[in-house]
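Enquirer: Residue numbers (the numbering used here): 1 to 238. Got a structure for you, written out below as structure tokens; questions coming shortly.
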Amino acid sequence: MASKAAPLQSGSGAARGARHVAIIMDGNGRWAKKRLLPRAAGHKAGVDAVRKTVRAAQDMGLECLTLYAFSSENWKRPEQEIMELTGLMKRFIKADLDEFHSNNVRLRIIGNYTAFEPEAVELIEGALAKTANNTGCTLVIALNYGSQDELVRAANRAAQKGEITLEALETELDTADLPPLDLLIRTSGEIRLSNFLLWQAAYAELYFTDMLWPDFDGKALATALESFAGRERRYGGL
Ligand code: IPE
Ligand code: IPE
Ligand code: MG
Numbered sequence: 001m002a003s004k005a006a007p008l009q010s011g012s013g014a015a016r017g018a019r020h021v022a023i024i025m026d027g028n029g030r031w032a033k034k035r036l037l038p039r040a041a042g043h044k045a046g047v048d049a050v051r052k053t054v055r056a057a058q059d060m061g062l063e064c065l066t067l068y069a070f071s072s073e074n075w076k077r078p079e080q081e082i083m084e085l086t087g088l089m090k091r092f093i094k095a096d097l098d099e100f101h102s103n104n105v106r107l108r109i110i111g112n113y114t115a116f117e118p119e120a121v122e123l124i125e126g127a128l129a130k131t132a133n134n135t136g137c138t139l140v141i142a143l144n145y146g147s148q149d150e151l152v153r154a155a156n157r158a159a160q161k162g163e164i165t166l167e168a169l170e171t172e173l174d175t176a177d178l179p180p181l182d183l184l185i186r187t188s189g190e191i192r193l194s195n196f197l198l199w200q201a202a203y204a205e206l207y208f209t210d211m212l213w214p215d216f217d218g219k220a221l222a223t224a225l226e227s228f229a230g231r232e233r234r235y236g237g238l
């Protein structure tokens, strides 16, 4: 009989001291291309990776997981692909919302999700309302999110209230009440931030892996957190 894989470390300590991990989930298209499949198949496999990663984050006791699902620049993609991504998002909410809710997961969105089709917006708002009072892991999905746009919006709001100070601007960010970002992961081998959490990443640890997003899972998250645990964070001090 094949031996069972060792269970992932769970509970306190498994998140290696990280409170907030964010992931740029990249490489779905290349994953599909390698298998001579349409890009949509890569996105579908990407949703399975999201499920595995969220479950692992919950098991580890991670406070907050932020996933970059659709950037404000992704509207440049063909309409067909945008439709497929929206369809997957809707199916994901329908299929997984109950499980998240029963696991005490609180859903949050950053970015302007109201730009998506009305049915998707309705589903998102239902999911936000349903999970609003949950106290477990906060799952933040970045939808139609762009960090530069977030900063411009935040600066305008702060300016309306008075002087733009560091604190005033920070409280106007989409991420205002979330824990500080500890670790920013990007899959697919690209070494760039693609307009994601530029302000929040100021002192985050960065982790780049060649793994394509659909291949990512709890074990990959644990590996990234192990790397994080070995970093010395100095914040400019000694
Ligand atoms: C990430 O995979 C998913 C989204 C950006 C929505 P990509 O679709 O960017 O995949 P690649 O980068 O083309 O491989
Ligand atoms: C970043 O990936 C956006 C998401 C993962 C949602 P992209 O594939 O859009 O980034 P670029 O175009 O390679 O910079
Ligand atoms: Mg990409």
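Every residue, glycine too, gets a C-beta built ideally from N, C-alpha and C.
Name all residues in chain order for which at least one heavy atom of ligand 2 lies closer than 6 Å to the residue's CB.
Expert: That query returns the following residues: Ile-24, Met-25, Asp-26, Tyr-68, Ala-69, Phe-70, Ser-71, Asn-74, Glu-190, Arg-192 and Ser-194.
Enquirer: Report, in whole angstroms, the separation of the C-beta atoms of Ser-188 and Gly-27, which I expect to be a contact under 8 Å.
Expert: The pair is a contact, with the Cβ atoms about 3 Å apart (cut-off 8 Å).
Enquirer: Is DSSP giving Leu-169 helix, strand or coil here?
Expert: Reduced to three states, the DSSP call for Leu-169 is helix.
Enquirer: Please classify Asn-133: is it buried, with 16 or more other beta-carbons within 10 angstroms of its beta-carbon, or exposed?
Expert: When all chains shown are included, Asn-133 counts as exposed.
Enquirer: At a cut-off of 7 Å, is Arg-35 close to ligand 1 when judged by its beta-carbon and the heavy atoms of the ligand?
Expert: No, the beta carbon of Arg-35 sits no closer than 7 Å to any heavy atom of ligand 1.
Enquirer: Ligand 3 and Gly-29: does any heavy atom of the ligand fall closer than 7 Å to the residue's C-beta?
Expert: Yes, ligand 3 has a heavy atom inside 7 Å of this Cβ.
Enquirer: Return yes when the C-beta of Gly-46 is under 7 Å from any heavy atom of ligand 1, and no when it is not.
Expert: Result yes, Cβ under 7 Å from ligand 1.
Enquirer: Am I right that Val-121 and Thr-114 are in contact with their C-beta atoms under 8 Å? What's the rounded C-beta distance?
Expert: Their Cβ separation, rounded to whole angstroms, is 6 Å, which keeps Val-121 and Thr-114 in contact under 8 Å.
Enquirer: Can you tell me whether Asp-210 is buried or exposed? The criterion is at least 16 other CB atoms within 10 Å of its CB, across all chains shown.
Expert: Result: exposed.
Enquirer: Please confirm if the region 91 to 107 is in contact with the region 142 to 149, defined as three or more CB-CB distances below 8 Å between the two stretches.
Expert: No: fewer than three Cβ pairs fall under 8 Å.
Enquirer: Evaluate contact between the region 78 to 88 and the region 154 to 169, counting only Cβ atoms and requiring at least three cross-stretch pairs below 8 Å.
Expert: They do not touch, by the three-pair rule.
Enquirer: Is Ser-188 near ligand 1, going by C-beta to nearest heavy atom under 7 Å?
Expert: True, at least one ligand heavy atom lies under 7 Å from that Cβ.
Enquirer: If you drop the 5 nearest sequence neighbours on each side, which residues of the same chain put their C-beta closer than 6 Å to that of Arg-233?
Expert: Correct list: empty, nothing qualifies.
Enquirer: Given this structure, state the Cα-to-Cα distance separating Trp-199 from Leu-37, to the nearest angstrom.
Expert: Cα-Cα distance, rounded: 37 Å.
Enquirer: Alpha helix (DSSP H) containing Phe-208: first to last residue?
Expert: From DSSP, Phe-208 is part of no alpha helix (DSSP H) but of the beta strand (DSSP E) over 205 to 208.
Enquirer: For the structure I just gave you, are there three or more beta carbon pairs, one from the region 53 to 64 and one from the region 124 to 132, closer than 8 Å?
Expert: Contact between the region 53 to 64 and the region 124 to 132 is absent, because fewer than three Cβ pairs lie under 8 Å.
Enquirer: From Glu-63 to Gln-160, what distance separates their C-alpha atoms?
Expert: Distance between the alpha carbons of Glu-63 and Gln-160: 32 Å.
Enquirer: Roughly how many whole angstroms lie between the Cα atoms of Glu-163 and Glu-170?
Expert: Glu-163 and Glu-170: Cα-Cα distance of roughly 13 Å.
Enquirer: Would you identify the three-state DSSP class for Arg-231, choosing helix, strand or coil?
Expert: The answer is coil: DSSP assigns Arg-231 none of H, G, I, E or B.
Enquirer: Scan the region 28 to 53 and note each continuous beta strand (DSSP E) run of 3 residues or more that stays entirely inside, going in chain order.
Expert: Taking only runs of at least 3 residues, no beta strand (DSSP E) segment lies wholly in the region 28 to 53.
Enquirer: Which residue from Leu-183, Glu-167, Trp-31 and Glu-119 puts its Cα closest to that of His-20?
Expert: It is Leu-183.
Enquirer: Could you give the first and the last residue of the continuous beta strand (DSSP E) run that contains Ser-71?
Expert: Element bounds for Ser-71: 64 to 71.
Enquirer: Please name the residue in Tyr-235, Arg-39, Ile-93 and Pro-214 whose C-alpha comes closest to that of Met-25.
Expert: Of the listed residues, the one whose Cα sits closest to Met-25 is Pro-214.
Enquirer: Can you check which of these residues, Ala-129, Arg-51 and Glu-226, is closest to Ala-15 by C-alpha distance?
Expert: That would be Glu-226, whose Cα lies nearest to the Cα of Ala-15.
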